[in-house]
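Q: FYI, in this note's numbering the residues of the sequence shown are 93 to 348. For every residue, glycine included, the Cβ atom is placed at its ideal position computed from N, Cα and C.
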Amino acid sequence: MYEAQLAHYYGLSPQRAIASVTSVPATAVGLWHRIGALFEGADADVVIWDSHPLQLSATPTKVWIDGVLQIPVPSRSGENNNVEVGKGKDGSEWRKVPTVPEWDKEREETIKWEGLPPLKGEKADDDVVFLNVARVLQKGPNGTTEQTFSAMTDADGQQRLGTVVVERGRMTCIGLDCANAAGDGKVTVDLRGGAITPGIMTFGSPLGLKEIESEPTTGDGEPHDAFRRNIPTILDDVGGVLRAMDALVFGTRNAL
């Protein structure tokens, strides 16, 4: 589902994104007559979500397998104060297809340069103000990650979200009283209860040297064991010490 959410974010229509994890794989394995869609005579494998399944953090509330209920969990509604910040009292925003950016410029640039340099990541020199921030995590003096801000809950049970002002690449103000420090002319970003963290390599997906776990051809083979056989001399590593590399780099267009 996470891959379907990514595909939709980068331009795949919501209908095709859902089909990519339902009817399309069912057809690929020759089981379209039993699974992959809701119709009379199917296997009755059904999932009910607490929000649109393409929404990040969408969670199944009920799962039926062969018509038998397997997973019942609380729904994302207004009951028991289980309402996500900025999503409305009835959770109606969660039921909609999530909005995604327009990628026309990036698509044209990629076609123009065939996906090769001089394509560069976008940079902004403007000062930025992040609104409705729930948490701020920063690197500590010893390289550890420390939480320097967390949203507060007032006497009425309402969550008070903070503001973060970034000037010349540095956070100059963090907290509830930074709205006045924002000033005019700064770019504003509404995090809607999100968090600011240090730069990381991945978020929400595992890192590893194998793209598809069940398909050996997408990995870099089994690691060499110096206790079982001699390590190839080309590796210059007689002890068989593993050094992680991006195995996928060898499958690029230039390598082929």
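Could you give the distance in angstroms between the alpha-carbon of G232 and the alpha-carbon of F131?
A: Approximately 55 Å between the Cα atoms of the pair.
Q: Is it buried or exposed, P164, if we count other Cβ atoms within 10 angstroms and call 16 or more buried?
A: Looking at its Cβ environment, which holds fewer than 16 other Cβ atoms inside 10 Å, P164 is exposed.
Q: Let me make sure I understand the geometry here. Which of T255, T236, E238 has the alpha-carbon closest to that of M244?
A: Residue T255 is the option with its Cα nearest to M244.
Q: Which residue spans inside the region 93 to 169 form an unbroken alpha helix (DSSP H) run of at least 4?
A: Complete alpha helix (DSSP H) runs here, min 4: 94 to 101, 106 to 111, 115 to 120.
Q: G267: which of E259, R260, F241, G261 sits nearest, CA to CA?
A: Nearest of E259, R260, F241, G261 to G267, Cα basis: F241.
Q: When the Cα atoms are used, what is the spatial distance from E261 to A99?
A: The amino acid at residue 261 is misidentified as Glu; the sequence shows Gly. When rounded, the distance between both Cα atoms is 30 Å.
Q: Does the beta-carbon of D217 have 16 or more other beta-carbons within 10 angstroms, so that it is buried, or is it exposed?
A: That one is exposed.
Q: T236 by DSSP, collapsed to three states: which one?
A: Correct three-state label for T236: coil.
Q: Exposed or buried, Q147, counting other C-beta atoms within 10 Å across all chains shown (16 or more means buried)?
A: Buried, because 16 or more other Cβ atoms sit within 10 Å of the Cβ of Q147.
Q: Using only the alpha-carbon positions, how far apart do A96 and V330 sit?
A: Going from the Cα of A96 to the Cα of V330 covers about 43 Å.
Q: So A226 and L253 are supposed to be a Cβ contact under 8 Å. How far apart are they, rounded?
A: Confirmed, about 6 Å.
Q: Taking buried to mean at least 16 other C-beta atoms within 10 Å of its own C-beta, is V138 buried or exposed?
A: Exposed is the call here.
Q: Could you please give the first and the last residue of the uninterrupted alpha helix (DSSP H) stretch that includes K204?
A: Segment 196 to 205, the alpha helix (DSSP H) holding K204.
Q: One question on the structure: do V258 and V220 come within less than 8 Å of each other, judged by their Cβ atoms?
A: Result yes, Cβ atoms of V258 and V220 sit closer than 8 Å.
Q: Find the nearest neighbour of G285 within the set H316, G291, Q251, judged by alpha-carbon distance.
A: Measuring from the Cα of G285, the nearest candidate turns out to be Q251.
Q: Identify whether S184 lies in helix, strand or coil by the three-state DSSP scheme.
A: Looking at S184 - three-state DSSP - the assignment turns out to be helix.
Q: Return the bridge partner residues of S242 from the DSSP annotation.
A: Per DSSP, R227.
Q: Could you tell me which residues DSSP pairs with F222 in its beta bridges?
A: V256, V281, per the DSSP bridge assignment.
Q: If I127 sits next to A118, beta carbons under 8 Å apart, how far is it from one beta carbon to the other, in whole angstroms?
A: Indeed, because the Cβ distance is near 5 Å, the residues count as touching under 8 Å.
Q: Give me the Cα-Cα distance between K208 and E198, rounded to the nearest whole angstrom.
A: Reading off the sequence, residue 208 comes out as Leu, not Lys. So the alpha carbons of these two residues sit roughly 13 Å apart.
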